[in-house]
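Undergrad: Structure provided below as structure tokens; questions to follow.
Number of protein chains: 2
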Amino acid sequence: MASFTVENYLKAIYGLSQKVTGGVSTNAIAESIGTKAATVSDMLKKLSANKLINYKKYQGTTLTSKGRSMALNIIRKHRLWEVFLVEKLDFKWDEVHDLAEELEHIDSDELINRLESFLNNPKFDPHGDPIPDRAGVIQRREQVALTDVSVGGVGYVTGVKDSSREFLQFLDTQEIELGNKLVVIEVYEYDKSRTVKLNGKTMTLSQQVCKNLFVRTET
Amino acid sequence: MASFTVENYLKAIYGLSQKVTGGVSTNAIAESIGTKAATVSDMLKKLSANKLINYKKYQGTTLTSKGRSMALNIIRKHRLWEVFLVEKLDFKWDEVHDLAEELEHIDSDELINRLESFLNNPKFDPHGDPIPDRAGVIQRREQVALTDVSVGGVGYVTGVKDSSREFLQFLDTQEIELGNKLVVIEVYEYDKSRTVKLNGKTMTLSQQVCKNLFVRTET
DNA sequence: TATGATTTTTAGATAAGTCTAAATTTATTT
DNA sequence: AAATAAATTTAGACTTATCTAAAAATCATA
Chain B
0 MASFTVENYL KAIYGLSQKV TGGVSTNAIA ESIGTKAATV SDMLKKLSAN
50 KLINYKKYQG TTLTSKGRSM ALNIIRKHRL WEVFLVEKLD FKWDEVHDLA
100 EELEHIDSDE LINRLESFLN NPKFDPHGDP IPDRAGVIQR REQVALTDVS
150 VGGVGYVTGV KDSSREFLQF LDTQEIELGN KLVVIEVYEY DKSRTVKLNG
200 KTMTLSQQVC KNLFVRTET
Chain D
0 MASFTVENYL KAIYGLSQKV TGGVSTNAIA ESIGTKAATV SDMLKKLSAN
50 KLINYKKYQG TTLTSKGRSM ALNIIRKHRL WEVFLVEKLD FKWDEVHDLA
100 EELEHIDSDE LINRLESFLN NPKFDPHGDP IPDRAGVIQR REQVALTDVS
150 VGGVGYVTGV KDSSREFLQF LDTQEIELGN KLVVIEVYEY DKSRTVKLNG
200 KTMTLSQQVC KNLFVRTET
């Protein structure tokens, strides 16, 4: 039991379970995968029968350790392929998601481990998301959203919460990249926007942007 | 109409059509794909309905130009991924076939074209097979089987006809690699084996080996 | 807390790709 | 040329993943 489809369900459940406490709802999975609740309901029964999820009708679902470890392996593959696409094939960070969605299903630990070495064992993907290691251990990074940095605070851009094309392209236009240092100059109470100094330039970022930008602050 | 399965059928038909004159038989396809003739029969109807093959019941099949161009694109992807696996990830030439079978179905011309540049536009895969270009043009190489080289003849190893693990590993044990220069010292009429000088060593190769080794001869 | 709204599940269908067994067509051989 | 053998196709069934429509369970609130 490890088809393309099953892998996508596990990945979706893993992703959603990061955002909520308790079980993941059928509807949420359906929306995430782009399918109907009825279809998800069927699939949950199969995943449960295969001990990949804990599932009680009407109660939402969580991954078993087996399911989680499979999900993490897919995420590992996805993120390593993204690094490959950006670092080696010169794709931009907003172009790699769909390709990685395909590549992540290639089934070979040997391949992915060699790819990892070839890429010099990166710890983060092009969007700043951590890459699980071979054992499925995922590095937690001490980072906060830019909304949590107050005036005078200094941070280094470590990642994005929203990795949609639109947001990534917006960051490109503002020439905001991972690793950039920024200083919060002002916070406007009115709309919660922030003026920051970054790359020698001063710019004002809306609350929505600040929410979706992760930074590591000086400790 | 371009599923994983369809792609495999087109590739199989292309491969088989190189070996025979006229149409490819249903049974041959079934054996090549590892399925049953009945299944192939069904699929041929669908491929025909989609104008990917020319098909008349009981008469065998050939690819249309559309089908051939799709087949060549898959072969192009397969061979470029093989180069990647060997050149960049240090796989051995007998280890890459199954992985390339998976990777070849990744659907993106942009990806494969960038991969091609990244690999410095190789013209041949690790087994010496030519890589079709973006337009599906495949370079024919002037090469002959070693069985066609007579005493005193000189050749450079350009490829293998049989790229099975077993044969490739045999070549490894004999330290025979693409590009090696060899001279035919003797041909034994009895069993059609050949003694050759290669890498400073003298060795005798059976007819079966000679049949499956391609060389470019001095012209 | 009852009742309407929402969520989830079940039931029944569909499409793709596969199978076995039987029927049909083509090839071979006496 | 007829009979047998081999190859191919058809018929009917199964599996996986999906859908719509309807039923059932949970929730939210008047």
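Protein chains in written order, with numbering that gives the first Met the number 0: chain B, 0 to 218; chain D, 0 to 218.
For each residue, glycine too, the CB sits at the ideal point set by N, CA and C.
Just so we're clear, the structure is a prediction, and the values are computed from it rather than from any experiment.
#1: Compare the Cα-Cα distances from K160(B) to each of H126(B), T172(B), A134(B) and report the closest residue.
#2: In this structure, how does DSSP classify F213(B) when only helix, strand and coil are distinguished?
#3: Within the same chain, show all residues whose beta-carbon is closer than 7 Å to that of P131(D), passing over the 5 residues directly before and after it, in chain order.
#4: Within the continuous alpha helix (DSSP H) that includes G14(D), where are the two ends?
#5: Do you know whose CA, among F166(D), L204(D), F169(D), S149(D), lies nearest T216(D)'s CA?
#6: Within 10 angstroms of the Cβ of N198(B), are there 16 or more other Cβ atoms? Answer buried if so, exposed if not.
#7: Between V182(D) and the rest of its own chain, which residues show a CB-CB distance below 6 Å, the 5 nearest in sequence each way excluded?
#8: Note down, in chain order, each residue of its chain lying with its Cβ closer than 6 Å to the Cβ of H222(D), except the 5 sequence neighbours on either side.
#9: Could you name the residues that DSSP lists as bridge partners for A144(D)?
#10: For K122(D), count neighbouring C-beta atoms within 10 Å of its own C-beta (all shown protein chains included) and say buried if the count is 16 or more, exposed if not.
#11: Would you mind telling me which residues of chain D sit closer than 9 Å to I105(B), beta carbon to beta carbon, in chain order?
#12: Touching or not, the stretch 80-98 of chain D and the stretch 47-55 of chain D, by the rule of three or more beta carbon pairs under 8 Å?
#13: Taking the alpha carbon of K55(D) as the reference point, which residue from G135(D), Q207(D), Y155(D), G21(D) has its own alpha carbon closest?
#14: Would you say R133(B) reaches chain D, if we count a Cβ-Cβ gap shorter than 8 Å as a contact?
#15: What are the start and end residues of the beta strand (DSSP E) that includes E103(D)?
#16: Any idea if N119(B) is buried or exposed, counting beta-carbon neighbours within 10 angstroms, 16 or more meaning buried?
#17: What are the residues of the stretch 65-94 of chain B that lie near chain D, defined by any Cβ-Cβ distance shorter than 9 Å?
#18: Check the DSSP bridge columns for M202(B) and list the partner residues they point to.
#19: Taking the Cβ atom as the reference point for each residue, do R133(B) and D89(D) lie within a distance shorter than 8 Å?
TA: Reading it off the structure:
#1: H126(B)
#2: strand
#3: L71, I74, R75, I137
#4: 3-16
#5: Ranked by Cα distance from T216(D), the options F166(D), L204(D), F169(D), S149(D) are led by S149(D).
#6: exposed
#7: V153, K196
#8: The first residue shown for chain D is 0 and the last is 218, placing residue 222(D) beyond what the model contains.
#9: In the DSSP secondary-structure assignment, A144(D) is bridged to F213(D).
#10: exposed
#11: L98, E101, L102, I105
#12: With a cut-off of 8 Å, the stretch 47-55 of chain D and the stretch 80-98 of chain D do not count as touching, because too few Cβ pairs lie within range.
#13: Restricting attention to G135(D), Q207(D), Y155(D), G21(D), the CA atom closest to the CA of K55(D) is found in G21(D).
#14: no
#15: Element bounds for E103(D): n/a, residue is neither H nor E.
#16: exposed
#17: L84, K87, L88, D89, F90, E94
#18: V195(B)
#19: no
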